[in-house]
Ligand SMILES: [Zn+2]
Ligand SMILES: [Zn+2]
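In this note's numbering, the protein residues as written are 26 to 99.
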């Protein structure tokens with residue numbers, strides 16, 4: 026259901042319909058519309074919520090980092 030107009034299918038005057046898609050999220054492939062919070066990583070854009078839903082390992086990989094197990098390796 027739409028949060029702005031409380032209907033399943035928005036009427037033409039719903040503000041949701043009239044918001045412009047500015048970027049496309051590389052995770053869910055849906056539009057990132059005006060006013061939404063997004064992050065740009067390596068020239069790709071992601072909804073904040075899409076990033077929050079990812080496991081930490083995947084996020085770190087996006088950022089070019091990885092987890093290490095601490096220890097002495099000679
Ligand atoms: Zn609506
Ligand atoms: Zn997304």
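All residues carry an ideal CB built from backbone N, CA and C; glycine is no exception.
Shorter than 6 angstroms, the distance from the beta carbon of residue i to the closest heavy atom of ligand 1, or not?
| i | result |
| --- | --- |
| residue 41 | yes |
| residue 90 | no |
Please return the same chain residues whose Cβ sits closer than 7 angstroms to the Cβ of residue i, not counting the five positions on each side in sequence.
| i | result |
| --- | --- |
| residue 39 | 27, 29, 30 |
Buried or exposed: which applies to residue i, given that a residue is buried once 16 or more other Cβ atoms fall within 10 Å of its Cβ?
| i | result |
| --- | --- |
| residue 22 | Because the chain here runs from 26 to 99, residue 22 falls outside it and cannot be looked at. |
| residue 90 | exposed |
| residue 50 | buried |
Can you determine whether any heavy atom of ligand 2 sits closer than 6 angstroms to the C-beta of residue i, and answer yes or no?
| i | result |
| --- | --- |
| residue 70 | no |
| residue 77 | no |
| residue 52 | yes |
Roughly how many angstroms separate the alpha carbons of residue i and residue j, rounded to a whole number?
| i | j | result |
| --- | --- | --- |
| residue 42 | residue 71 | 20 angstroms |
| residue 74 | residue 46 | 16 angstroms |
Report the residue ranges of all alpha helix (DSSP H) runs contained in full by the region 63 to 93; include only those spanning at least 4 residues, in chain order. Qualifying alpha helix (DSSP H) stretches, in chain order: 73 to 77, 81 to 87.
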